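The structure appears below as structure tokens.
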Amino acid sequence: MTKNHGKSVKNDDQYEALRDEGASKEKAARIANADKSGEKGGKADPYEKWTRGEMYDKAAEIGIEGRSKMTKSQLKAALRSH
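This is the structure in structure tokens:
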């Protein structure tokens, strides 16, 4: 039986599956809380074509800490590793 993680996790089954696969709590929660969780995303331009502002906004959306002090290349690296 899947544990209820309260309001902090929208899709408990997916969260548990991701944790069982070795995902961190943060990553599992982020994926399980995504609006279109499990659906393949569309095609986006590579980060090299994004502005720093666009990268900053995406970093804010997914909760990357310290983003306000990051350079464009640091934001790119953080987005890729997150």
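Residues 1 to 82, numbered by full-length UniProt numbering, are exactly what the sequence shown covers, in order.
No residue lacks a Cβ here, since even glycine has one placed at the ideal position from N, Cα and C.
As the structure is a prediction and not an experimental result, all values here were calculated from the model.
Report the residue from the options whose alpha carbon sits nearest the alpha carbon of residue i.
i: Q74; options: R52, D45 and G63; result: R52
i: S64; options: N11, D13 and S81; result: The sequence as given places Ile at residue 64; Ser does not occur at that position. It is S81.
i: K49; options: R67, A17 and K76; result: K76
Measuring CB to CB, does residue i end up less than 8 Å from residue j?
i: residue 104; j: A78; result: Only positions 1 to 82 of the chain appear in the structure, and residue 104 is not among them; the question remains open.
i: Y47; j: A28; result: no
i: A44; j: V9; result: no
The alpha helix (DSSP H) with residue i in it runs from where to where?
i: D13; result: D12 to D20
i: R52; result: R52 to I62
Would you grab the beta carbon distance between residue i and residue j for me? Rounded to a whole angstrom, and I think it's under 8 Å.
i: K72; j: M55; result: 6 Å
i: R30; j: I62; result: 6 Å
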